[in-house]
Amino acid sequence: MYTTLTLTDYITKVRRKEINPSDVVQELQSDIDKKNPALAIYLAQNPDASAQSSERADLPLAGAPIAVKDNFLTVGMKTTASSNVLSNFLPPYESTVTARLQVAGGVILGKTNMDAFAHGSSTETSDFGATKNPRNPAHLPGGSSGGSAAAVAADLCIAAIGSETAGSIRQPSAWCGTVGLKPTYGRVSRYGVVAMGSSLDSPGPIGKTVEDCAVLLSAIAGHDPYDATTSTQPIPDFVRAVGAGVAGKRIGIVYIDHPHLVGTPAAAAVEAAGKLFEKLGGHVSLVGLSQDGAPGTVLSPDLAIAVYTVVQRSEVSSNLARYDGIRYGNDRTHFGTEARRRLMLGTYTLSKGYAEQYYKKAQQVRTLYRKNFATLFESFDLLISPSSPGYAQKLGATADNPMFGELEDMLMEPSSISGLTGINVPMMRDTESNLYLGLNIVGNMWQEEAVLAAAGAFETETSYNPWKKTV
Amino acid sequence: MSSIDPQLVQHIASLANISLLPGQDVVFAQGFTKTLDVVEKMNAIDTHDVEETNQVTELENIFRDDVCTPDRMFTQSAALANGPRTHNGYFVVNGILEES
């Protein structure tokens, strides 16, 4: 009865006293008991969720039960990053995101499964078992925020929190048919998030609608003195932006001429999205791909794969050095295969004799991407592409494929390494498999409003979102 | 095209303080070679006078006042709470010094 509510509708109904927060929580908990064993979405649940939701009914988020990716430190609840290294870790401090969420009246319903240490795009590398895609359980949910996206898709929460380093919010949102927003790097605090790629990690919302994501973003965004990389940029009215429309917006379609995408359903769906934005008053044109980022072209994502691979693994080798099994956690023999692989490759790419060839080169190519986007955003307000080249792949697809994640996230790596903001909205559903394709809408740094406006317009004008406003 | 052999993998593992399961040196060597094939595509693009991007925020020198913030300080027991081996308020580590 209540589990399919969007966050916005939930808040409205609680304020009107039409529903009790604790009734919603209890119904969700009952559904989790039934569905979680098969879907493997939640690693842990909050036993006090029902009581907390009643206590917070008068706050802005009205006690809304939120699923939180298990790389956010939560006092009183184990935080494992889906790794055996942290299997018994009880955080002594709270992440800024979950602290702000709760101060705003949100309730942590439970911690969701992820790729271990966020190293992946499938949730299959979790040390605690793979999450299944609720749209079609023979398929992957994507990752690394696969548990959070699946929790939303399965209506096992009202909304969720994830994090993105290169696609980890947008790609599982695409594969699970949910909305997922990657904020600008520095928009949301990383304090208390298990560090992976420190120059890339961006916490953000995954929700049933664009407005839900805007509501959550408003609760968690903003400068944090505990995270020196957060910005003092003012927080605009994200929720109001959702209804602003695309009239007059210059929109570039990118990447659909890439060899992997030509002739695919994803490319066709993005072209259709472009036509819709034209109809709504946007000025839409195709931006051709190039291998050198010449003016008027978009730099091919092929090189972003290389950049991200090196930068991410290098930063991982440094960030995972802290797991010595002395002060907390189990020792380094408990790392899973993927963590070992990435950590070691990163050690190599930073090592004497190789750092120039790999790490320095990657950071230089990263600059080329930033410059290419800077030029593009002189002529365009937004860029659109598919989020993922295709539908969610089957369980087991990641086996023996060390580059699975990077290839899957190819279309999002350019915007992630450049610190930009982007959103995924559902743009196609295959009626036979029940799987989704997602539209990736990217804006320049600090342009979440424009991104939310375009996403909101697309959602309103199409029927791919199963949860559209009911109140 | 760089090729990684199992011996190099063993060396990297010791640098990274990672233990390898039997056979992982061979498996990882193959995987790293594949990965570096993809990575080396970067060499196709000229970057001879391009600055590195180390971070995208363009912020510099973010400091705070040098004062204690008690609300962010762990008590000794909180700091020790997740330690697998503790003794009288200390973390226990393996000895590295030999008795002479």
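As given, the protein sequences belong to chains A and B, one line each in that order.
So the first sequence is numbered by this note's numbering: it starts at 30 and just counts up by one.
So the second sequence is numbered by this note's numbering: it starts at 4 and just counts up by one.
Note that the Cβ used here is the ideal one computed from N, Cα and C, for glycine as well.
Quick caveat: nothing in here was measured; it's all calculated off a predicted structure.
Local conformation of residue i per DSSP, three classes
{"i": "residue 401 (chain A)", "result": "helix"}
{"i": "residue 317 (chain A)", "result": "coil"}
{"i": "residue 456 (chain A)", "result": "strand"}
{"i": "residue 461 (chain A)", "result": "coil"}
{"i": "residue 234 (chain A)", "result": "strand"}
{"i": "residue 377 (chain A)", "result": "helix"}
{"i": "residue 229 (chain A)", "result": "coil"}
{"i": "residue 58 (chain B)", "result": "coil"}
{"i": "residue 406 (chain A)", "result": "helix"}
{"i": "residue 500 (chain A)", "result": "Residue placement at residue 500 (chain A) cannot be trusted, given a pLDDT of 47 that sits under 50; what the coordinates show is reported in the next sentence. Looking at residue 500 (chain A) - three-state DSSP - the assignment turns out to be coil, as it is neither helix nor strand."}
{"i": "residue 27 (chain B)", "result": "helix"}
{"i": "residue 263 (chain A)", "result": "coil"}
{"i": "residue 97 (chain A)", "result": "strand"}
{"i": "residue 481 (chain A)", "result": "helix"}
{"i": "residue 487 (chain A)", "result": "helix"}
{"i": "residue 337 (chain A)", "result": "helix"}
{"i": "residue 246 (chain A)", "result": "helix"}
{"i": "residue 94 (chain B)", "result": "strand"}
{"i": "residue 90 (chain A)", "result": "coil"}
{"i": "residue 34 (chain B)", "result": "helix"}
{"i": "residue 396 (chain A)", "result": "helix"}
{"i": "residue 268 (chain A)", "result": "helix"}
{"i": "residue 65 (chain A)", "result": "helix"}
{"i": "residue 446 (chain A)", "result": "helix"}
C-beta contact flag for residue i and residue j at 7 Å
{"i": "residue 235 (chain A)", "j": "residue 202 (chain A)", "result": "yes"}
{"i": "residue 96 (chain A)", "j": "residue 43 (chain A)", "result": "no"}
{"i": "residue 206 (chain A)", "j": "residue 39 (chain A)", "result": "no"}
{"i": "residue 35 (chain B)", "j": "residue 7 (chain B)", "result": "yes"}
{"i": "residue 31 (chain B)", "j": "residue 53 (chain B)", "result": "no"}
{"i": "residue 135 (chain A)", "j": "residue 185 (chain A)", "result": "no"}
{"i": "residue 37 (chain A)", "j": "residue 241 (chain A)", "result": "yes"}
{"i": "residue 238 (chain A)", "j": "residue 41 (chain A)", "result": "no"}
{"i": "residue 483 (chain A)", "j": "residue 411 (chain A)", "result": "yes"}
{"i": "residue 43 (chain B)", "j": "residue 392 (chain A)", "result": "no"}
{"i": "residue 368 (chain A)", "j": "residue 118 (chain A)", "result": "no"}
{"i": "residue 189 (chain A)", "j": "residue 70 (chain A)", "result": "no"}
{"i": "residue 336 (chain A)", "j": "residue 394 (chain A)", "result": "yes"}
{"i": "residue 220 (chain A)", "j": "residue 255 (chain A)", "result": "yes"}
{"i": "residue 327 (chain A)", "j": "residue 316 (chain A)", "result": "yes"}
{"i": "residue 289 (chain A)", "j": "residue 94 (chain A)", "result": "no"}
{"i": "residue 343 (chain A)", "j": "residue 379 (chain A)", "result": "yes"}
{"i": "residue 431 (chain A)", "j": "residue 38 (chain B)", "result": "yes"}
DSSP bridge partner residues for residue i (one or two, in chain order)
{"i": "residue 328 (chain A)", "result": "A:319"}
{"i": "residue 423 (chain A)", "result": "A:168"}
{"i": "residue 468 (chain A)", "result": "A:415 and A:454"}
{"i": "residue 47 (chain B)", "result": "Residue 47 (chain B) pairs with nothing; no bridge assigned."}
{"i": "residue 350 (chain A)", "result": "According to DSSP, residue 350 (chain A) bridges with nothing at all."}
{"i": "residue 73 (chain A)", "result": "A:140"}
Exposed unless 16 or more other CB atoms sit within 10 angstroms - verdict on residue i
{"i": "residue 101 (chain A)", "result": "buried"}
{"i": "residue 330 (chain A)", "result": "buried"}
{"i": "residue 500 (chain A)", "result": "Here the model assigns residue 500 (chain A) a pLDDT of 47, short of 50, so the residue's position is not dependable and the matter cannot be decided."}
{"i": "residue 93 (chain B)", "result": "exposed"}
{"i": "residue 287 (chain A)", "result": "buried"}
{"i": "residue 345 (chain A)", "result": "buried"}
{"i": "residue 88 (chain B)", "result": "exposed"}
{"i": "residue 223 (chain A)", "result": "buried"}
{"i": "residue 438 (chain A)", "result": "buried"}
{"i": "residue 15 (chain B)", "result": "buried"}
{"i": "residue 497 (chain A)", "result": "exposed"}
{"i": "residue 144 (chain A)", "result": "buried"}
{"i": "residue 76 (chain B)", "result": "exposed"}
{"i": "residue 278 (chain A)", "result": "buried"}
{"i": "residue 195 (chain A)", "result": "buried"}
{"i": "residue 296 (chain A)", "result": "buried"}
{"i": "residue 10 (chain B)", "result": "exposed"}
{"i": "residue 320 (chain A)", "result": "exposed"}
{"i": "residue 129 (chain A)", "result": "buried"}
{"i": "residue 304 (chain A)", "result": "exposed"}
{"i": "residue 30 (chain A)", "result": "exposed"}
{"i": "residue 407 (chain A)", "result": "exposed"}
{"i": "residue 428 (chain A)", "result": "exposed"}
Which whole runs of the alpha helix (DSSP H) in the region 60-92 of chain B are 4 residues long or more, in chain order?
79-83
Unbroken beta strand (DSSP E) runs of length 3 or more, entirely within the region 99-165 of chain A: which are they?
136-141
Counting only runs that start and end within the region 35-62 of chain A, where is the alpha helix (DSSP H) found for 4 or more residues in a row?
36-44
Considering only residues of the region 274-314 of chain A, which uninterrupted alpha helix (DSSP H) runs meet the minimum length of 4 residues and lie entirely inside it, listed in chain order?
294-308
Starting from the N-terminal side, write out each stretch of the alpha helix (DSSP H) that is 4 residues or longer and does not extend beyond the region 178-226 of chain A.
199-205
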